[in-house]
Structures are given as structure tokens and as C-alpha cells.
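Under the numbering used here, the first residue of the sequence shown carries the number 124, and numbering increases by one thereafter.
Please read the structure below before turning to the comments.
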Amino acid sequence: MSSGSPLGNAIIVGVMLADGVRYYRLGPDGKTSVRAPEPDPTRKINIQDCTRPVDPNAGNLLCR
């Protein structure tokens with residue numbers, strides 16, 4: 124038995140990935156989107172000009 128065409132396999136894998144992403148973006152009830160918590164206003168944020176090379180080790184980054 125053959126495994127099918129590469130395009131068919133890619134479509135099947137794509138559908139499975141899309142369903143997995145949808146599953147992880149929904150809440151436990153399966154209907155509500157899960158949102159990230161609000162950021163802590165007391166944490167220091169490193170503001171950088173993101174049109175230039177960015178220091179990824181700078182911590183909490185905000186691009187301007």
C-alpha cells in the first residue's frame with residue numbers, strides 16, 4: 124500500500140496542525156479564548172529602537 128502523494132500528506136499534516144493550534148488557543152470550556160495575563164506595571168521595561176539591531180538579552184523589550 125502506498126503512502127499517497129507528498130501534497131496530500133502535507134495537506135493532512137496542515138489540517139492536523141491547524142486543529143492543534145485552535146485547541147491550545149481555546150480555554151478549558153472549548154469556546155473561550157485564553158488571554159495572557161496583564162503585565163506587571165512594576166517590572167522594568169527596556170525600550171529599544173527596533174529599526175536597529177536589538178539586544179535579545181536585554182530582558183523585557185518594548186520596540187519603538
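The beta-carbon is built from N, C-alpha and C at its ideal position, and this holds for glycine as well.
Small disclaimer: the values here were computed from a predicted structure and weren't measured.
Taking residue 129 as the centre and dropping the five residues before and after it, the same chain places no C-beta closer than 6 Å to its C-beta. In the three-state scheme derived from DSSP, where H, G and I count as helix and E and B as strand, residue 169 is classed as strand. Taking C-alpha positions only, residue 173 is separated from residue 179 by approximately 11 Å. DSSP links residue 184 through a beta bridge to 169.
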